[in-house]
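Asks: Here you go, one structure.
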Amino acid sequence: MLTIHPNLKLGHPYTPTKPETSSISLSLKTKTRPATIVNTIHENNQTKQTSAGKIKRLVLTQEGRTKLNTYPDRDFYAYPRFVTHVDDNFISTLTKLYRERLNPGSEILDLMSSWVSHLPKEVEYKRVVGHGLNAQELAKNPRLDYFFVKDLNQDQSFELESCSFDAVICTVSVQYLQQPEKVFAEVFRVLKPGGVFIVSFSNRMFYEKAISAWREGSAHSRIQLVVQYFQCVEGFTQPENIRKLPVAGGAQEEDKSPFSWIMRLLGLFPGSDPLYSVIAYKNFKPIYES
Ligand SMILES: C[S@@+](CC[C@H](N)C(=O)[O-])C[C@H]1O[C@@H](n2cnc3c(N)ncnc32)[C@H](O)[C@@H]1O
């Protein structure tokens with residue numbers, strides 16, 4: 001089930017058709033979208049099928065999708081956690097990245113969000129839509145204009161217009177997706193041509209809720225996994241990787257000196273989470289079905 005909540009502003013397409021009772025608002029039935037998404041475009045009065053957004057191959061095996069805790073994710077997130085999941089250095093580095101990559105005035109979807117936003121406070125965006133599993137957390141997030149609650153391991157379709165966002169962000173959460181191929185295809189669908197998807201993560205996780213392919217991996221293999229999630233959807237640009245490893249003093253600049261490397265190896269810079277981001281854009285150019 002999908003629930004959509006207007007957080008702050010009125011007059012948006014998600015405005016509920018009946019008044020809210022307490023803090024919970026509209027519930028909508030969810031439509032199932034096929035795994036393979038083929039777009040239709042109109043050019044010179046001709047209708048052409050493009051394969052943009054199509055899932056080319058599955059990345060994960062059935063075993064790779066499994067979790068140690070097999071209870072529904074909604075149960076796990078039933079109670080709000082008003083904590084931050086990564087340290088201040090991670091957050092400030094991510095905010096800096098968003099400042100560089102996300103244009104003011106953009107329309108942004110914050111996928112798998114919570115009560116905190118890592119978007120730069122001073123930048124104004126046209127709208128920020130949040131998604132997550134806990135309505136109380138999302139209602140507290142000061143950045144969100146609207147939010148909706150949906151378990152993406154139950155249903156991967158978003159009740160959002162195609163080509164309606166300039167950017168989608170997903171922070172320290174991709175490891176919980178059991179059907180990432182379908183979720184990345186949906187992100188592709190809702191992005192405007194040229195729109196960006198930024199997936200960021202660190203070493204921390206709710207171990208029992210992370211998929212096996214992630215739990216058993218290294219930082220390198222996790223980056224490769226997210227790269228493959230992008231590559232399995234037709235029409236994303238070649239993903240770019242960003243790694244910001246913790247260094248002494250708390251800054252997150254990549255320090256390649258032998259001393260820093262040994263200190264990191266020995267775990268002597270505690271309390272600083274590395275930031276890994278994988279970024280790709282929705283290609284402008286349509287890809288025609290052969
Ligand atoms: C570690 S928190 C990260 C929250 C937020 N992105 C942040 O940076 O603080 C993981 C988030 O993933 C979301 N999540 C986990 N499993 C999910 C699922 N099956 N469907 C949708 N969202 C899920 C939860 O809402 C939770 O807030």
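Using the UniProt record's numbering, you'd call the opening residue of the sequence shown number 1 and step up by one each time.
Where a beta carbon is used, it is the ideal one built from N, C-alpha and C, also for glycine.
None of the values given here were measured: they were computed from a predicted structure.
#1: Could you give the distance in angstroms between the alpha-carbon of A210 and the alpha-carbon of F90?
#2: Please say whether I55 and C232 have beta carbons closer to each other than 7 Å?
#3: Does ligand 1 have even one heavy atom less than 6 Å from the beta-carbon of T171?
#4: Would you grab the beta carbon distance between S157 and H131 for me? Rounded to a whole angstrom, and I think it's under 8 Å.
#5: If distances are taken between C-alpha atoms only, which option among Q62, V149 and P180 comes closest to W115?
#6: Hey, which unbroken runs of the beta strand (DSSP E) at 3 residues or more fall wholly within the region 63-97?
#7: State buried or exposed for residue 292, treating a residue as buried only when at least 16 other CB atoms are found within 10 Å of its CB.
#8: Would you give the residue range spanned by the alpha helix (DSSP H) that R215 belongs to?
#9: CB G53 to CB A167, shorter than 7 Å?
#10: In its own chain, which residues sit with a C-beta less than 6 Å from the C-beta of N134, not counting the 5 before and 5 after it?
#11: Quick one: Cα of G105 to Cα of E124, how far?
#12: Whole-angstrom Cβ separation of D273 and R222, contact assumed at under 8 Å?
#13: Does the region 56-71 come within contact of the region 176-183, defined as at least 3 CB pairs closer than 8 Å?
#14: With respect to 6 Å, is the separation between the Cβ of N89 and the closest non-hydrogen atom of ligand 1 below this value?
#15: Leaving aside the five residues before and after H118 along the sequence, list all residues of the same chain whose C-beta is less than 7 Å from its C-beta, in chain order.
#16: Considering only the beta carbon of each residue, do P193 and K121 sit closer than 7 Å?
#17: Just to check, is the beta-carbon of S277 closer than 6 Å to a non-hydrogen atom of ligand 1?
#18: Any idea if N153 is buried or exposed, counting beta-carbon neighbours within 10 angstroms, 16 or more meaning buried?
#19: Using three-state DSSP, classify H220 as helix, strand or coil.
#20: Hey, L109 and F197: beta-carbon distance below 7 Å or not?
#21: Under a Cβ-count criterion, where at least 16 other Cβ atoms within 10 Å of its own Cβ denotes burial, should D145 be classed as buried or exposed?
#22: Would you say N203 touches ligand 1, meaning its beta carbon is less than 6 Å from a heavy atom?
#23: In whole angstroms, what is the alpha-carbon distance linking I169 and Y276?
#24: Looking only at its chain, what residues have a beta carbon closer than 6 Å to the beta carbon of I279, apart from the 5 residues adjacent to it on each side?
#25: According to the neighbour-count rule (16 or more other Cβ atoms, all chains shown, within 10 Å of its Cβ), is Y229 buried or exposed?
#26: Taking buried to mean at least 16 other C-beta atoms within 10 Å of its own C-beta, is V86 buried or exposed?
Replies: According to the data block:
#1: Put simply, the backbone Cα of A210 is about 20 Å away from that of F90.
#2: Cβ distance < 7 Å, so C232 and I55 count as in contact.
#3: Within the cutoff, so yes.
#4: Approximately 12 Å separates the beta-carbon atoms of S157 and H131; this is outside 8 Å, ruling out the contact.
#5: Comparing C-alpha distances from W115 to each of Q62, V149 and P180 shows the shortest one belongs to V149.
#6: The qualifying runs do not exist here; there are none.
#7: Here the chain has residues from 1 to 290 only, and residue 292 is not among them.
#8: Taken as a continuous stretch (DSSP letters only), the alpha helix (DSSP H) holding R215 covers S212 to R215.
#9: Contact flag unset, no.
#10: Correct list, in chain order: Y77 and P80.
#11: In a straight line, the C-alpha of G105 is about 6 Å away from that of E124.
#12: Actually they are not in contact, since the Cβ atoms of D273 and R222 sit about 13 Å apart, beyond 8 Å.
#13: In short, these stretches touch, since the Cβ pair count reaches three.
#14: Not under cutoff, so the answer is no.
#15: Hits under 7 Å: I91, L94, T95, Y98 and T171.
#16: Contact flag unset, no.
#17: Not so, every heavy atom of ligand 1 lies at least 6 Å from the Cβ.
#18: N153 should be labelled buried.
#19: Helix.
#20: By the CB criterion at 7 Å, L109 and F197 fall outside the cutoff.
#21: It counts as buried.
#22: Not a single heavy atom of ligand 1 lies less than 6 Å from the C-beta of N203.
#23: So the alpha carbons of these two residues sit roughly 13 Å apart.
#24: Within the same chain, I198 and E240 come within 6 Å of I279 by CB-CB distance, once the 5 residues on both sides are set aside.
#25: The residue in question, Y229, is buried, as its Cβ has 16 or more Cβ neighbours within 10 Å.
#26: Result: buried.
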